[in-house]
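> Before I ask anything, let me first share the structure, which is written out below as structure tokens.
In the numbering used here, the protein residues as written are 2 to 380.
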């Protein structure tokens with residue numbers, strides 16, 4: 002037996018679809034002039050329309066369906082009704098084919114490059130099921146925009162070994178942020194004062210805390226009971242050790258960063274402090290790329306403050322890694338740009354650089370001013 006033919010309602014025109022629905026409903030009517038219960042659901046499922054749409058077709062062509070010998074089905078539209086189509090499907094598809102592949106990953110970028118409204122592109126996509134894509138990616142040729150745009154086309158460039166990199170992205174390619182940092186080559190002079198390592202900030206500082214089991218724990222803990230405590234204004238949850246109950250005390254350890262202990266200043270010195278050692282210049286960069294309506298002129302300004310803070314946080318992290326406790330001569334630079342047909346594509350780049358130093362009080366530097374030597378190569 003030949004294989005059964007698969008019915009695809011998307012291949013029918015609007016008039017053909019309505020005619021098929023009317024013919025289907027004619028076999029689902031009863032003697033009182035109504036369609037059988039569940040007939041609208043069957044039509045919606047078979048022809049890919051909503052239940053209310055099936056009911057609307059029934060109400061409009063009810064007489065022709067019930068009495069085909071007296072009334073004729075008429076699917077023609079009222080003369081002069083409807084909006085004149087400005088873009089045909091063929092024109093849209095041809096225009097999209099001429100757009101470079103990276104800009105075909107979302108309806109928004111396609112609209113910016115072709116000048117075709119997003120609503121028109123969405124309508125063509127809904128009718129045809131797909132828009133053309135690059136021939137270089139044949140495996141994606143039949144994928145709809147709604148799926149294909151979720152994968153970035155750019156190939157990430159590996160960072161330089163001396164750089165640290167972290168990236169944050171938003172799924173639909175409408176927003177991306179990259180934070181990078183590194184140091185420039187230079188030399189290190191010996192420190193003029195001996196500073197114990199434990200006095201320098203650390204990224205993995207361990208602190209031990211002592212807490213008392215609350216009175217709500219009436220029976221000895223089995224090791225799975227937790228309690229909350231506040232450390233430096235932040236709530237933490239810890240497990241109560243097995244066998245402990247109310248009024249018992251125990252200790253626990255937490256690891257945290259001490260970047261908050263780093264001196265940062267745009268000045269080249271800290272009052273009442275003296276520089277005993279400096280390291281090569283460090284830098285950080287935050288690149289933020291996003292879409293925003295051109296009417297919102299404050300979108301970029303609102304983002305600059307937060308990005309500047311992130312650039313400084315990257316600087317502080319590197320200061321601690323260089324075993325320093327200060328970053329002096331800190332400076333920032335902000336670059337902004339708007340692109341796209343309507344200026345909806347926003348780009349903000351915040352860069353920062355400074356000199357990591359070890360600073361001590363003036364009295365300490367005077368009493369330990371006995372270190373000297375030749376510069377040591379770094380990097």
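From the three backbone atoms N, C-alpha and C, an ideal C-beta is built for every residue, glycine too.
For the beta strand (DSSP E) that residue 292 lies in, which residues bound it at each end?
Locating residue 292 in the chain shown gives position 291, where the first residue counts as 1. It spans 283-292 - the beta strand (DSSP E) in which residue 292 sits, taken as one unbroken run.
> For residue 173, which residues from the same chain have a beta carbon less than 6 Å from its beta carbon, with the 5 sequence-adjacent residues on both sides left out?
Numbered from 1 along the chain shown, position 172 holds the residue referred to as residue 173. Low per-residue confidence applies at residue 173: pLDDT is 38, beneath 50, and the placement is therefore not dependable, though the value from the model is reported in the following sentence. None.
> Closest to residue 189 by CA distance: which of 269, 277 and 242 is it?
Residue 189 sits at position 188 when you count from the first residue of the chain shown. Checking every option, the nearest Cα to that of residue 189 belongs to 277.
> Since residue 257 contacts residue 315 with CB under 8 Å, what's their CB separation in whole angstroms?
Working through the chain shown from its first residue, we reach residue 257 at position 256. Working through the chain shown from its first residue, we reach residue 315 at position 314. About 18 Å; that fails the 8 Å criterion.
> Taking residue 330 as part of the beta strand (DSSP E), name the residues at either end of that continuous run.
By one-based count along the chain shown, residue 330 stands at place 329. Element bounds for residue 330: 327-340.
> Which residues bound the alpha helix (DSSP H) around residue 106?
Position 105 of the chain shown holds residue 106. Taken as a continuous stretch (DSSP letters only), residue 106 belongs to no alpha helix (DSSP H), as it is neither H nor E.
> Report the residue ranges of all beta strand (DSSP E) runs contained in full by the segment 164-225; include only those spanning at least 3 residues, in chain order.
Entirely contained in the segment 164-225, the beta strand (DSSP E) runs reaching 3 residues are, in chain order, 165-171, 176-184, 187-189 and 206-213.
> So, with DSSP's three-state summary, where would you put residue 351?
Start at 1 with the first residue of the chain shown, and residue 351 comes out as number 350. If DSSP states are grouped into helix, strand and coil, residue 351 belongs with the strands.
> Which two residues bound the contiguous alpha helix (DSSP H) that contains residue 96?
The sequence position of residue 96 within the chain shown is 95, counting from 1. It spans 90-98 - the alpha helix (DSSP H) in which residue 96 sits, taken as one unbroken run.
> Nearest CA to the CA of residue 209: which residue from 32, 220 and 251?
Locating residue 209 in the chain shown gives position 208, where the first residue counts as 1. For the residues 32, 220 and 251, the minimum Cα distance to residue 209 belongs to 251.
> Could you name the residues of the same chain whose beta carbon sits closer than 6 Å to that of residue 312, not counting the 5 residues immediately before and after it, in chain order?
By one-based count along the chain shown, residue 312 stands at place 311. The residues are 285, 287, 351 and 353.
> Tell me the start and end of each unbroken beta strand (DSSP E) in the segment 238-264 that is at least 3 residues and wholly inside, in chain order.
If we require 3 residues or more, the beta strand (DSSP E) runs fully inside the segment 238-264 come out as 250-257.
> Which of the three DSSP states is assigned to residue 112 in this structure?
Here residue 112 is taken as the residue at index 111 of the chain shown, counted from 1. If DSSP states are grouped into helix, strand and coil, residue 112 belongs with the helices.
> From which residue to which residue does the beta strand (DSSP E) around residue 232 run?
For the purposes of this step, residue 232 is identified with residue 231 of the chain shown, where counting begins at 1. Where residue 232 is concerned, the enclosing beta strand (DSSP E) stretches over 227-232.
> When you compare only the Cα positions, how much space is there between residue 360 and residue 274?
Residue 360 sits at position 359 when you count from the first residue of the chain shown. Residue 274 sits at position 273 when you count from the first residue of the chain shown. Rounded to the nearest angstrom, the two C-alpha atoms are 6 Å apart.
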